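Participant: For the protein sequence lines, the chains are A and B, in the order given. Note that the first sequence covers residues 1 to 219 in the working numbering. Note that the second sequence covers residues 1001 to 1219 in the working numbering. No residue lacks a Cβ here, since even glycine has one placed at the ideal position from N, Cα and C. This one's a predicted model, so the numbers in the text were calculated from it and none came from an experiment.
2 protein chains.
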Amino acid sequence: MAKEIKDKTELHSHMRQLFHDLEPFLLAELEKESTVWRFLEGEQLMHPGHYLRNMFFITKGLVKVYREDNDGAEFFMYYIKPGQACALSIACTERNEISTVRAVAVEETDAIMVSHNHMEDWLMRYKSWGRFVIDTFRYRLEEVLLAFDNVAFRGLDERIEFYLKRQCRETQSKTLTISHQEIANDLNTSREVVSRLLKKLEQHGKIIMQRHAIEVLEL
Amino acid sequence: MAKEIKDKTELHSHMRQLFHDLEPFLLAELEKESTVWRFLEGEQLMHPGHYLRNMFFITKGLVKVYREDNDGAEFFMYYIKPGQACALSIACTERNEISTVRAVAVEETDAIMVSHNHMEDWLMRYKSWGRFVIDTFRYRLEEVLLAFDNVAFRGLDERIEFYLKRQCRETQSKTLTISHQEIANDLNTSREVVSRLLKKLEQHGKIIMQRHAIEVLEL
DNA sequence: CCTGTACTGTGACTAATGTCACCGTTGCCA
DNA sequence: TGGCAACGGTGACATTAGTCACAGTACAGG
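(1) Answer yes or no: do Val216/A and Thr189/A have a C-beta to C-beta separation smaller than 9 angstroms?
(2) Give the C-beta separation of Glu161/A and Leu201/A to the nearest angstrom, bearing in mind that I take them to be a contact with Cβ-Cβ under 8 angstroms.
(3) With respect to the alpha helix (DSSP H) encompassing Thr136/A, which residues constitute its N-terminal and C-terminal limits?
(4) Tell me, to the nearest whole angstrom, how far the beta carbon of Phe1056/B is from that of Ile1098/B; I am working on the premise that it is less than 8 angstroms.
(5) Tell me which residues share the same chain as Tyr51/A and place their Cβ nearer than 7 angstroms to its Cβ, disregarding the 5 neighbours each side in the sequence.
(6) Whose CA, out of Glu1218/B, Ala1002/B and Ala1213/B, lies closest to the CA of Glu1107/B?
(7) Going by DSSP, which residues form a beta bridge with Met55/A?
(8) At a CB-CB cut-off below 8 angstroms, which residues of chain B make contact with Gly130/A?
(9) Just curious, the alpha helix (DSSP H) that Phe76/A is in, first and last residue?
(10) Cβ closer than 9 angstroms: which chain A residues qualify as neighbours of Val1065/B?
(11) Excluding five sequence neighbours on each side, which residues of the same chain lie with their C-beta closer than 6 angstroms to the C-beta of Glu1043/B?
(12) So, does the CB of Leu1141/B fall closer than 9 angstroms to a CB anywhere in chain A?
(13) Check distances from the C-beta atoms of the stretch 86 to 116 of chain A to those of chain B and list, in chain order, the residues that come in under 9 angstroms.
(14) Of the choices Ile1178/B, Ile1208/B, Gln1181/B and Arg1138/B, whose alpha-carbon is the least far from that of Glu94/A?
(15) Are any of the Cβ atoms in chain A nearer than 9 angstroms to that of Asp1157/B?
(16) Check the Cβ-Cβ distances between Asn1188/B and every residue of chain A, and say whether any is below 9 angstroms.
(17) So, with DSSP's three-state summary, where would you put Lys165/A?
(18) Can you tell me whether DSSP reads Gln1172/B as helix, strand or coil?
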């Protein structure tokens, strides 16, 4: 399970870099009043039904957020990156509600936890905090809308292209080490279909397939 | 086009009913500092590319919010009802961004417009305002996620059922006066498909079809 | 009463996607 | 080194959804 990190020296330097929009006094309070937890690869920060007590944002690592339906099918929606907060964690802590998504660390991730009380308190004392909260919501709302667009308006072929491009962006690389099965899981479809459509992309000269890897040519 | 309503006496009584969670001082400021606009049936409150100067919420009427893609296809997402604000209008005014959705009044609607400056100012002066803003985001995020669920996890047949149930809820009635074409537009599909699936629902005893109307039996 | 228009029904066809069965390859490790 | 597990390829088939063509019905307005 995730471990609490007591030593906040590393945190201190990260914070100054990532949250330069926040007032210095707020940053100081943030460092003092929050707790930091380290999640290992594969550990969950939230899951459906999870009762949230704290809002969080991450300073290190990468988190994948999934939407699930009742039958266990899941759909990847977006990443949370260092410097970003989880809008749904703010939403849930505000009214003591349970999570409706799953958030999984895809690499070692440090998350700062802030209690509901501080969240509200800072809203009235720091202008930059209000902006940060609203920006967080705005950004995630747009991301969910983009995810909506994909399933509502585009076919699987386009969605796979979109997915590959995003992976390239996130990993800063044109060669993705990912299996067809993983792609199928993230897009809530089957491996066979992914294989077929990837082959089409290869025939169109957009990618080159290797075992356990996909080289993306055309961004 | 929409008309500004200068006489705020009607507004006054509506506000006290709808926004009982807001502090009295805030309500007073809200009435003083905002402008009220009346939109007739079919008029648009926002549309893609629209540069938003004010956040708004509505005190009377009903607004339908659509997501569109580049080819003009559109997809109904949710309603804004009296007492509710538009999360996307808050998001856009915060950073002076353009709208990415279309919002249409489906009946005569009164909307209160609040400038970006007041929005931020009140955040620091009224606790209830912060709650209201966050609640607005939380509610809409959930609604968009529900819309996402529908297209991501359910077939058209289930989505039509969901759609009919929602219409019943909104209109407080079990007999919907709506054409197949309208349903098809809202769900981004074609009339023929809607007709076929409605017939299936009728055969399953869930609805009774009349000309220009659908009677929903099973909620 | 005639006519145009909106609404609805239906069959035939196509495209996209999901599912099943089965096979070959690769690489790990007991 | 033999076998197992994960990965990837492929054909056959079913289902779902979109498209086209056309026909019938109700209704409003001239």
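Facilitator: Taking the structure as given:
(1) Along the first sequence, one-based indexing puts residue 216/A at 216. Along the first sequence, one-based indexing puts residue 189/A at 189. Their beta carbons are not under 9 angstroms apart, which means Val216/A does not touch Thr189/A by this criterion.
(2) If you number the first sequence from 1, residue 161/A lands on position 161. If you number the first sequence from 1, residue 201/A lands on position 201. Their Cβ separation, rounded to whole angstroms, is 7 angstroms, which keeps Glu161/A and Leu201/A in contact under 8 angstroms.
(3) As a first step, residue 136/A is located in the first sequence; it is residue number 136 there, counting from the start. It spans Lys127 to Phe153 - the alpha helix (DSSP H) in which Thr136/A sits, taken as one unbroken run.
(4) Position 56 of the second sequence, counting from 1, holds the residue named residue 1056/B. Position 98 of the second sequence, counting from 1, holds the residue named residue 1098/B. Taking the Cβ atoms as the reference, Phe1056/B lies roughly 15 angstroms from Ile1098/B, outside the contact range of under 8 angstroms.
(5) In the first sequence, residue 51/A corresponds to position 51, counting from 1. The residues are Ile98.
(6) The sequence position of residue 1107/B within the second sequence is 107, counting from 1. The shortest C-alpha separation from Glu1107/B is found at Ala1002/B.
(7) Position 55 of the first sequence holds residue 55/A. Met55/A is bridged to Val114/A.
(8) Within the first sequence, residue 130/A is the residue found at index 130, counting from 1. Within 8 angstroms Cβ-Cβ: Glu1120, Leu1123, Met1124 and Gly1130.
(9) Locating residue 76/A in the first sequence gives position 76, where the first residue counts as 1. For Phe76/A, no alpha helix (DSSP H) encloses it; the enclosing beta strand (DSSP E) starts and ends at Glu74 to Ile80.
(10) The sequence position of residue 1065/B within the second sequence is 65, counting from 1. In chain order: nothing, as chain A lies at least about 11 angstroms away.
(11) Stepping through the second sequence from its first residue, residue 1043/B is reached at position 43. Same-chain partners within the cutoff: Ala1002 and Ala1105.
(12) Numbered from 1 along the second sequence, position 141 holds the residue referred to as residue 1141/B. For Leu1141/B, the nearest beta carbon of chain A is closer than 9 angstroms to its own beta carbon.
(13) If the cut-off is 9 angstroms between Cβ atoms, the stretch 86 to 116 of chain A has Ala87, Leu88, Ile90, Ala91, Cys92, Glu94, Arg95, Glu97, Thr100 and Val101 near chain B.
(14) Here residue 94/A is taken as the residue at index 94 of the first sequence, counted from 1. For Glu94/A, the closest alpha carbon among the candidates Ile1178/B, Ile1208/B, Gln1181/B and Arg1138/B is that of Arg1138/B.
(15) Taking the first residue of the second sequence as 1, we reach residue 1157/B at position 157. Closer than 9 angstroms to the CB of Asp1157/B there is not a single CB belonging to chain A.
(16) In the second sequence, the residue the question calls residue 1188/B occupies position 188. Contact with chain A is found for Asn1188/B, since one of that chain's Cβ atoms lies less than 9 angstroms from the residue's Cβ.
(17) As a first step, residue 165/A is located in the first sequence; it is residue number 165 there, counting from the start. Lys165/A carries a helical assignment under DSSP once its states are collapsed to helix, strand and coil.
(18) As a working mapping, residue 1172/B is identified with position 172 in the second sequence. Judged by DSSP in its simplified three-state form, Gln1172/B adopts coil rather than helix or strand.
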